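To start, the structure under review is shown below, and the notes come after it.
In structure tokens form, the structure reads like this:
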């Protein structure tokens, strides 16, 4: 709202949320065991949907490179 750049904060939030979602779904699959892949329990769908924010529109590797460049002042690595 104040017109300040917030790219690093937004990318950090996206990265953290995407990773937390994926790990929660991964743990749900492990908890359900073999039934975690059964379509009847929808756990496999949640895991597939958890992949979307990890890949689109920016991959986790690009987010980490952006944060390294903008926040830490490291040179571009891509």
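Numbering (my numbering), first residue to last: 43 to 120. Backbone N, C-alpha and C fix where the C-beta goes; we use that ideal spot for every residue, glycine too. The structure displayed is predicted, hence computed values, not measured ones.
Worksheet item: Three-state secondary structure (DSSP) at residue 101?
Response: Reduced to three states, the DSSP call for residue 101 is coil.
Worksheet entry | Closest residue to residue 53 among 100, 114, 120 (Cα-Cα distance) | Closest option to residue 53, Cα to Cα, is 100.
Worksheet item: What's the C-alpha gap between residue 110 and residue 102?
Response: Between residue 110 and residue 102, the C-alpha separation is close to 12 Å.
Discussion item. If distances are taken between C-alpha atoms only, which option among 80, 92, 78, 44 comes closest to residue 59?
Written reply: Of 80, 92, 78, 44, the smallest CA-CA separation from residue 59 is found for 92.
Worksheet item: Can you tell me the Cα-Cα spacing of residue 50 and residue 83, whole angstroms?
Response: Their backbone Cα atoms lie some 37 Å apart in a straight line.
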